[in-house]
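For the sequence shown, the working numbering gives the first residue as 51, with consecutive numbering after it.
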Amino acid sequence: MIIQSQAISLKHLLTVESLSEAEVLGLIKRASEFKAGAKCVLPKEKYFVANLFFENSTRTHKSFEVAEKKLGLEVIEFDASTSSVQKGETLYDTVLTMSAIGVDAVVIRHSAEHYYNELVESKTIQCSVINGGDGSGQHPTQCLLDLMTIYQEFGYFEGLKVAIVGDLTHSRVAKSNMQMLKRLGAQVYFSGPLEWYDESFEVYGKYLAIDELVDKVDVMMMLRVQHERHVGNQQFSKEQYHQTYGLTLERAKRMLPHAIIMHPAPVNRDVELADSLVEGLQSRIVQQMTNGVYIRMAVLEAILNGKA
Ligand code: CP
51 MIIQSQAISL KHLLTVESLS EAEVLGLIKR ASEFKAGAKC VLPKEKYFVA
101 NLFFENSTRT HKSFEVAEKK LGLEVIEFDA STSSVQKGET LYDTVLTMSA
151 IGVDAVVIRH SAEHYYNELV ESKTIQCSVI NGGDGSGQHP TQCLLDLMTI
201 YQEFGYFEGL KVAIVGDLTH SRVAKSNMQM LKRLGAQVYF SGPLEWYDES
251 FEVYGKYLAI DELVDKVDVM MMLRVQHERH VGNQQFSKEQ YHQTYGLTLE
301 RAKRMLPHAI IMHPAPVNRD VELADSLVEG LQSRIVQQMT NGVYIRMAVL
351 EAILNGKA
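Okay, structure coming up:
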């Protein structure tokens with residue numbers, strides 16, 4: 051698959067469904083150019099962006115910040131714990147304030163699914179919104195960086211066998227990835243506890259036990275067990291989960307020699323996958339984090355192109 055060059059222009063980035071295949075491939079291409087040292091030429095000299103994280107994050111928050119600084123953007127500090135959120139300010143009013151003071155784009159992570167609807171429907175708010183994760187909804191930039199990592203490895207998506215394994219119902223990463231991987235022609239498989247699987251996923255791929263797919267797929271995409279969304283409902287001990295659903299050292303030995311291991315991280319080591327596999331030869335987990343910076347540069351550039 052050869053990705054054509056084209057300038058991408060976006061108003062917001064809320065879900066992966068909102069992107070065409072051409073836009074996805076264009077963003078991957080642009081991110082690869084940034085990774086190879088390309089410079090960005092934005093329509094205006096100065097843009098202000100704010101990262102509004104209402105849920106914890108290391109990778110998404112900090113890689114957006116690095117991406118913004120690499121693009122020469124003015125990054126507005128925001129910490130929900132010291133902001134007027136503590137006085138009862140709503141998300142809408144926080145973003146309205148950012149818009150009023152001249153912030154061009156906001157990156158938001160929030161526990162409420164679809165938090166962005168009221169923001170983008172507002173006639174007053176002028177900021178572009180980039181979704182950094184909405185509850186158990188979607189995580190579009192994680193999807194894009196995952197696709198970039200797969201594309202760098204294989205150079206195509208059509209017919210590629212990708213297993214998405216683990217806490218599917220709580221994972222916004224899984225929801226973003228299953229849709230876009232299917233649209234790009236990959237064969238998607240699911241595995242993990244049936245309690246964390248939903249029949250609505252059937253349209254995207256087939257459910258199999260991990261032992262039935264580990265020696266057949268090109269990509270083992272392991273998902274984090276989202277302990278914070280299972281409060282009061284811990285169904286498995288760590289060891290039990292690892293042995294029944296995880297990528298153990300024994301299972302990893304059965305993987306195809308060219309197959310890769312992915313995980314959005316943070317990894318619960320020795321739960322989703324054996325500790326030594328995280329930085330092992332078949333792992334692309336570190337590359338995923340690195341690619342996050344470049345894909346976020348490409349997204350920010352497309353958003354600021356959209357403002358012009
Ligand atoms: N993968 C991911 O979203 O990580 P953070 O929660 O650290 O941002």
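Built from N, CA and C at the ideal position, the CB exists for glycine as well. Note that this is a predicted model, so its numbers are computed, not measured.
Quick check: Val-157 and Leu-123, are their CB atoms within less than 8 Å of each other?
For the purposes of this step, residue 157 is taken as the residue at position 107 of the sequence shown. For the purposes of this step, residue 123 is taken as the residue at position 73 of the sequence shown. Contact flag unset, no.
Would you call Arg-301 buried or exposed, if buried means 16 or more other Cβ atoms sit within 10 Å of its Cβ?
Working through the sequence shown from its first residue, we reach residue 301 at position 251. Under this definition Arg-301 is a buried residue.
Drop a sphere of 10 angstroms on the beta-carbon of Thr-140, count the other beta-carbons inside from all chains shown, and report buried for 16 or more, exposed for fewer.
For the purposes of this step, residue 140 is taken as residue 90 along the sequence shown, with counting starting at 1. Classification of Thr-140: exposed, given that the 10 Å Cβ count is below 16.
Please confirm whether Ser-333 has its beta-carbon closer than 8 Å to some beta-carbon of chain C.
No chain C appears in this structure, which consists of one protein chain only.
May I have a chain-ordered list of the alpha helix (DSSP H) segments no shorter than 4 residues that lie completely inside the stretch 243-300?
Here the runs fully enclosed are 260-263, 288-295.
At the level of alpha carbons, what is the spacing between Gln-338 and Leu-306?
Stepping through the sequence shown from its first residue, residue 338 is reached at position 288. Stepping through the sequence shown from its first residue, residue 306 is reached at position 256. Roughly 20 Å between the two C-alpha positions.
Any heavy atom of the ligand CP inside 7 Å of the beta-carbon of Thr-108?
Taking the sequence shown and counting its residues from 1, one reaches residue 108 at position 58. At least one heavy atom of the ligand CP is nearer than 7 Å to the Cβ of Thr-108, so yes.
Sorted by chain position, which residues of the same chain lie with C-beta nearer than 6 Å to Leu-97's C-beta, five sequence neighbours on each side aside?
Translated into the one-based positions of the sequence shown, residue 97 becomes position 47. In the sequence on display, residue 97 carries Tyr and not Leu. Leu-123, Asp-154, Leu-354, listed in sequence order.
With distances taken from CA atoms, which of Lys-79, Leu-77, Gly-216, Ser-250 is nearest Gln-229?
Counted from its first residue, the sequence shown places residue 229 at position 179. Of Lys-79, Leu-77, Gly-216, Ser-250, the residue nearest in Cα terms is Ser-250.
Suppose you measure from the CA of Leu-273 to the CA of His-280; what does that come to, to the nearest Å?
Within the sequence shown, the letter at position 223 stands for residue 273. Within the sequence shown, the letter at position 230 stands for residue 280. Their Cα atoms are separated by approximately 14 Å.
Hey, which unbroken runs of the alpha helix (DSSP H) at 4 residues or more fall wholly within the stretch 181-238?
Within the stretch 181-238, the complete alpha helix (DSSP H) runs of at least 4 residues are 190-204, 222-233.
Is there at least one non-hydrogen atom of the ligand CP closer than 7 Å to the beta-carbon of His-277?
The sequence position of residue 277 within the sequence shown is 227, counting from 1. Incorrect: His-277 has no Cβ contact closer than 7 Å to the ligand CP.
If I measure Cβ to Cβ from Leu-195 and keep anything under 7 Å in the same chain, skipping five residues before and after, which residues do I get?
Within the sequence shown, numbered from 1, the residue matching residue 195 stands at position 145. These residues qualify, in order along the chain: Gln-338, Asn-341, Gly-342, Ile-345.
Under the rule that 16 or more other beta-carbon atoms within 10 Å means buried, what is Glu-322, buried or exposed?
Within the sequence shown, residue 322 is the residue found at index 272, counting from 1. Buried: at least 16 other Cβ atoms inside 10 Å.
Mapping DSSP to helix, strand and coil, what is Met-305?
Numbered from 1 along the sequence shown, position 255 holds the residue referred to as residue 305. Of the three classes helix, strand and coil, the one that applies to Met-305 here is coil, per DSSP.
For my contact list, Thr-219 and Tyr-247 are in at a C-beta cut-off of 8 Å; report their separation, rounded to the angstrom.
To locate residue 219, count along the sequence shown from 1; it is residue 169. To locate residue 247, count along the sequence shown from 1; it is residue 197. The pair is a contact, with the Cβ atoms about 7 Å apart (cut-off 8 Å).
Is the beta carbon of Gly-185 within less than 7 Å of some heavy atom of the ligand CP?
Against the sequence shown, residue 185 aligns to sequence position 135. The answer is no for Gly-185.
Taking 8 Å as the threshold (C-beta atoms), are Ala-315 and Arg-109 in contact?
Position 59 of the sequence shown, counted from the first residue, corresponds to residue 109. Position 265 of the sequence shown, counted from the first residue, corresponds to residue 315. Yes, they are a contact pair.
Check whether the Cβ atoms of Gln-192 and Ser-226 sit closer than 8 Å, and answer yes or no.
Mapped onto the sequence shown, residue 192 falls at position 142. Mapped onto the sequence shown, residue 226 falls at position 176. Yes, these two residues count as a Cβ contact at 8 Å.
Between the C-alpha atoms of Ala-348 and Met-312, what's the straight-line distance to the nearest angstrom?
Working through the sequence shown from its first residue, we reach residue 348 at position 298. Working through the sequence shown from its first residue, we reach residue 312 at position 262. Each residue's Cα considered, the two are about 21 Å apart.
DSSP state of Asn-318, grouped into three classes?
Translated into the one-based positions of the sequence shown, residue 318 becomes position 268. Asn-318: coil per DSSP, three-state reduction.
For the candidate residues Ala-309, Gly-296, Ala-352, Arg-304, whose alpha-carbon lies nearest to that of Asp-325?
Indexing the sequence shown from 1 puts residue 325 at position 275. The residue with the shortest Cα to Cα distance from Asp-325 is Gly-296.
Just to check, is the beta-carbon of Gln-337 closer than 7 Å to a non-hydrogen atom of the ligand CP?
For the purposes of this step, residue 337 is identified with residue 287 of the sequence shown, where counting begins at 1. No, the beta carbon of Gln-337 sits no closer than 7 Å to any heavy atom of the ligand CP.
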